[in-house]
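One structure is given here, and the rest of the page talks about it.
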């Protein structure tokens, strides 16, 4: 099993775990962490692609590396924005959960809305 | 028509530097506003707007003259090594409409987000103007980007600028709505990014033109296409991936809702169009296009029914956005040419794009009008709208004009779009989509009739406005609505594929015929599904409603079931599962196309 295959499998595992966490965890903070895990998996795929593209004698294809740096910056900004929103939410409500959200149902039975 | 993907794109064209200006001007505005601080922000934003509008118009004019796409190579490096900015007809049209809507929103928001001399600087105005400019710059990047990774970055920029708009007022429920929106949008964009990596791994380039020449249906490409499509659908809030849209669009301040609903969801939609029509026209095939439009059709029925049952005007408009987004996706199967097994950039694409820009202008106008009504009355309960037409005639007129334009009355853009889509449905013999298109018009008329019936009804007690509504704000909304109403007259042939079907017969008669049946159908729907409160007792519709009693009860049961389904679908696990299932379905649907 070559290094590329191992890295590819690790990437797949990270993506799978991240996806699972992002969908099933009700806590926003855990969702943010899961998103980062998912993102790391994708960045690892970038690495694998860079290695595979390096067959022509280079140590690695530089383009995916340039892309991955941009991707990390984007993921970092996304995380910062999400954490900032979460902090504001915590300040406003005293709890950091999305579950309390009463869906804006306005059926004739939902008088609370 | 301007060719979609010219074979020779390795050189920059004259006028290419305009594209750079279109990106740079809003972003320079953002930086200047940051540096200058609270009091100058609004002035800088308002000064940037005419400049940006002029650039968008200049790009359209240059393109109308040269009849060729504009290209700019960053640092004079040609793809695949470098990055190109390209503007084709679609980009030019979208940029012009974006500039128009942003400028109207600027005029509208002036009263909400100003910092008068002598008052303290507040955070909301500072954030609003900067975010508005940032969204503009990001949208222009989406329309001009020549490669898939730039599109990814642009898409994320749009999201990052749009999310804080939702929670400008800082209330807990808007913060939750913003967080939901951000997290779900991130899930969507990560899926898009995975697809981008896979495509790079398979073809060694992300440039749209180069990819379109190299792409062939192997396993990696199919997976990439399915993941990217589904990720973008999540960001566009296509049914059943719409969990974030209603609270976000209804909770934002009126100017923010207008930007979000008119422009932001169009960014990811535009990328779907780029992906399916430009990058891989031969890949998705018949089944996948049917699936995509099927989601659109479901969104129309579902979104419209839930919209009709809302109590609040802003939520009604938010759900109607859901339905209108669905309408946009009907063009994909109609563009499918069975002979070449490809999506063709023809009349259906033009129809879809015209619908996009009609919706952008009309929906922005409707959200602005709803915001003014909210500000004037202090609430936006639909059953409490009686008398508002007398108190705020221009706002109600703007709402009505926007709605009528979306129903498809000539010479509105939506009318032309509907004609083109129906024509394409006839040519490709897909009668079922023709039925869905007509149903879409009827549903749109439904909520228009419902709101207008309440707004035009006499008030129980005289309406006293909570605040004075300046006429400029009403004029901004009305101008956009009228713009949508005459969009069909603009010379689209220069920019969009396929020529327009020449209007025959007197326009007035045609307008009457085009509007009559949808509005009658819409009235029936509104009577059956809408909320009427005690208005029924006196209105002339009362008789109608009384006779429709048993039907209304049946419709109420259906409506409740659909509302409950909506509540379930807007839970995270359900939406996440739908996302994965759709990704698998799209992958499977693209397989037979090999």
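Residue numbers (this note's numbering), protein chains in the order written: chain H, 925 to 1037; chain R, 61 to 654.
Each residue gets a CB set at the ideal place from its N, CA and C atoms; glycine is no exception.
Remember, predicted model here, so these are calculated numbers, not experimental data.
Of all alpha-carbon atoms in 1022/H, 1002/H, 1008/H, the one lying nearest the alpha-carbon of residue 248/R is that of 1002/H. Residue 396/R sits in a strand when the DSSP states are folded into three classes. Taking the beta carbon of residue 196/R as reference, no residue of chain H falls within 7 Å; the closest one sits roughly 19 Å away.
When 7 Å is used as the limit between beta carbons, residue 487/R is near no residue of chain H, the shortest such separation being about 41 Å. As the crow flies, the alpha-carbon of residue 316/R is around 27 Å from that of residue 995/H. In the DSSP assignment, residue 387/R falls within the alpha helix (DSSP H) that extends over 373-388. Across the region 632-644 of chain R, CB contacts with chain H closer than 9 Å involve 632, 633, 635, 636, 637, 639, 640, in sequence order along the chain.
DSSP places residue 132/R inside the beta strand (DSSP E), whose first and last residues are 130-133. Buried is the label assigned to residue 448/R, since at least 16 other Cβ atoms lie within 10 Å of its Cβ. DSSP places residue 474/R in the uninterrupted alpha helix (DSSP H) bounded by 473-487. Classified as exposed, residue 520/R has fewer than 16 neighbouring CB atoms from the shown chains inside 10 Å of its CB. Secondary structure of residue 616/R (DSSP, three-state): helix. Three or more Cβ pairs drawn from the region 456-473 of chain R and the region 410-427 of chain R lie within less than 8 Å of each other, which places the two stretches in contact. When C-alpha distances from residue 1008/H are compared across 220/R, 98/R, 165/R, the shortest belongs to 220/R. In the assembly as shown, residue 553/R is an exposed residue. Its beta-carbon has fewer than 16 other beta-carbons within 10 Å.
Secondary structure note for residue 145/R: its beta strand (DSSP E) is the uninterrupted segment 144-147. Residue contact check for residue 954/H against chain R: no CB pair falls below 7 Å. Between the alpha carbons of residue 466/R and residue 323/R lies a gap of roughly 16 Å. At least one CB atom of chain H sits nearer than 7 Å to the CB of residue 220/R. With a beta-carbon spacing of about 4 Å, residue 411/R and residue 481/R fall inside the 8 Å limit used to define contacts.
If you look at residue 557/R, you'll find it isn't in any alpha helix (DSSP H); DSSP assigns it neither H nor E. In the structure shown, residue 231/R adopts coil according to DSSP, grouped into three states. Residue 402/R is bridged by DSSP to 397/R. Restricting attention to 390/R, 276/R, 389/R, 524/R, the CA atom closest to the CA of residue 437/R is found in 524/R.
Here residue 301/R is not near residue 309/R, since their CB atoms are 7 Å or more apart. Cβ atoms of residue 649/R and residue 296/R stay farther apart than 8 Å, at about 18 Å. Along the region 237-250 of chain R, going in chain order, the ones with a CB nearer than 7 Å to a CB of chain H are 238, 239, 240, 242, 243, 246, 247, 250. Residue environment: residue 278/R is assigned as exposed (fewer than 16 neighbouring CB atoms within 10 Å of its CB, all protein chains considered). Bounds of the alpha helix (DSSP H) holding residue 109/R are 98-126. Per DSSP, the continuous alpha helix (DSSP H) segment holding residue 318/R begins and ends at 314-319.
In this structure, the beta-carbon distance from residue 146/R to residue 206/R falls below 7 Å. By the 16-neighbour rule on beta-carbons within 10 angstroms, residue 963/H is buried.
By the neighbour-count criterion, in which 16 or more other beta carbons inside 10 Å mark a residue as buried, residue 115/R falls on the buried side. Any Cβ of chain H closer than 7 Å to the Cβ of residue 214/R would place that residue at the interface, and such an atom is absent. Around the beta-carbon of residue 621/R, fewer than 16 other beta-carbon atoms lie within 10 Å, marking it exposed. Boundaries for residue 439/R: no alpha helix (DSSP H) harbours it, and the DSSP string shows neither H nor E there.
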